[in-house]
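Notes to accompany the following structure.
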Amino acid sequence: MAEPIKVFGFVPAWGLPTSGPFALKLLAWLNAHKIDYQFEAEMNTGKGPKGKSPWVEMEGNLIADSDVIIRSIAKTKAIDLHQDLMDPQIAAGHSLKVAFEERFHQILEWELFETPQGLAFIKQAIAGSVPAPLAPIIFMLVKRQFTKQLYARGISRHSQTHIVQLGDDLLTALESFIKAGGFARTVDPQSQKQYPQIEELSVYGQLAPMRHWTMATPVAQLVKERKTLTSWVDDVESLCFGAPLTAGSAAPKAFLSTKLTEGLA
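213 is the number that the numbering used here gives to position 212 of the sequence shown; each next residue is one higher, with no gaps.
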């Protein structure tokens, strides 16, 4: 019997099995396809082959990048990822995938590392993962690293008003798309149950943390105010995890272990 895939990603938070948007996308996809895995919470991205989260250990090989991981697994499992982008619905979903994983992800990181509420969460998460004497040092280094990244990528050069408008525009586009029929889904021929494709789960992975976290950050508040979006997140979670996820709910998969941060990438 083959060993289950071992998934490494950021620690759980807000009732989600991981706080990492790309790792959340991967776990949701694995659950949707009933693929056995073990999750290991790992904050040190330097242990991965590309210095980014998530990565997996599969058949003795380390593979990084959520899209690369999913395509590698899909190939071994003969899963059709519906790569025919001539279908307008799939093409539109792919465009939203790129927009949310590129632009909206920057906004998510800005809310975590450039707002007082987000920084308070980061500080608490680090304090709960490392020996107390190291926590202030690691927090300072992590904050400095992300501050440089957000400036280099351009998002933090904007005013907060402009960043919130960028987020609002993307949320409006997603809301309109969902109301018009939403993402293409695969139907199991035996059970007739639907399950999301990679495009939908990619957008879900970016939106779900904001939908679930309790911090009153500006763009996350816009997510929470839109019933279409919160209901869609709940629907995706019901399809992938069996029920909408809430703080304090049972994890959809047993964690293998939780490791402490040992350094920075």
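Cβ atoms here follow ideal geometry from the backbone N, Cα and C, with glycine treated the same way. Small disclaimer: the values here were computed from a predicted structure and weren't measured.
Just checking my contact of residue i with residue j at CB under 8 angstroms: how many whole Å lie between their CB atoms?
i    : j    : result
Q107 : I36  : About 30 angstroms separates the two Cβ atoms, so there is no contact after all.
H213 : W15  : 4 angstroms
V143 : I123 : 7 angstroms
S203 : K53  : Not a contact, Cβ separation roughly 15 angstroms.
F178 : P197 : With a Cβ gap of about 14 angstroms, F178 and P197 do not count as contacting.
M299 : F11  : What is shown of the chain runs 2 to 266, which leaves residue 299 out entirely.
L151 : L230 : So it is not a contact: roughly 24 angstroms between Cβ atoms.
I199 : L82  : 6 angstroms
V220 : G168 : 4 angstroms
L240 : Q191 : L240 to Q191, Cβ: 16 angstroms. No contact.
T218 : G119 : 6 angstroms
N32  : F242 : 6 angstroms
K51  : D68  : Incorrect: roughly 12 angstroms between the Cβ atoms, too far for contact.
Between the alpha carbons of residue i and residue j, how many angstroms are there, rounded?
i    : j    : result
T19  : Q161 : 27 angstroms
G206 : L135 : 30 angstroms
E201 : T46  : 25 angstroms
T148 : F40  : 29 angstroms
E112 : E103 : 15 angstroms
I80  : R145 : 41 angstroms
T247 : A209 : 11 angstroms
F140 : I127 : 7 angstroms
S96  : P89  : 10 angstroms
E238 : D189 : 17 angstroms
P132 : H159 : 36 angstroms
M211 : G49  : 25 angstroms
V8   : Y38  : 7 angstroms
P245 : E176 : 19 angstroms
L17  : L28  : 10 angstroms
T187 : A153 : 38 angstroms
L261 : Q125 : Only weak support exists for where L261 lies, its pLDDT of 32 falling under 50; the value from the coordinates is given anyway. For L261 and Q125, the distance between alpha carbons rounds to 14 angstroms.
A42  : G129 : 13 angstroms
A75  : I64  : 13 angstroms
I138 : R227 : 38 angstroms
A181 : A92  : 14 angstroms
K225 : A121 : 20 angstroms
E110 : Q193 : 38 angstroms
S73  : P13  : 25 angstroms
G94  : F105 : 15 angstroms
I70  : A100 : 20 angstroms
G116 : H34  : According to the sequence shown, residue 116 is Thr rather than Gly. C-alpha separation (whole angstroms): 37 angstroms.
D170 : G21  : 23 angstroms
Q166 : K98  : 19 angstroms
S272 : Q222 : No statement about residue 272 is possible, as the shown extent of the chain runs from 2 to 266 and does not include it.
What residue does the beta strand (DSSP E) around residue i start on, and which one ends it?
i    : result
E58  : W56 to M59
T215 : Counting along the chain, T215 falls outside any beta strand (DSSP E), and DSSP gives it neither H nor E.
K7   : I6 to G10
S40  : According to the sequence as given, residue 40 is Phe; it is not Ser. Note, F40: beta strand (DSSP E), Y38 to A42.
I64  : N62 to A65
Q195 : Q195 to P197
Can you name the start and end residues of the alpha helix (DSSP H) that residue i belongs to?
i    : result
F178 : Q161 to K180
V188 : That residue, V188, is in no alpha helix (DSSP H); its beta strand (DSSP E) goes R186 to V188.
K98  : P89 to A100
S20  : Counting along the chain, S20 falls outside any alpha helix (DSSP H), and DSSP gives it neither H nor E.
K35  : K35 -> no alpha helix (DSSP H), and no H or E assigned at all.
T231 : K228 to F242
- [ ] Tell me, please, whether the region 55-63 touches the region 2-12 by the rule of three or more beta-carbon pairs shorter than 8 angstroms.
- [x] yes
Task: Segments assigned alpha helix (DSSP H), at least 4 residues, entirely inside the region 106-140 - done: 106-114 and 117-128
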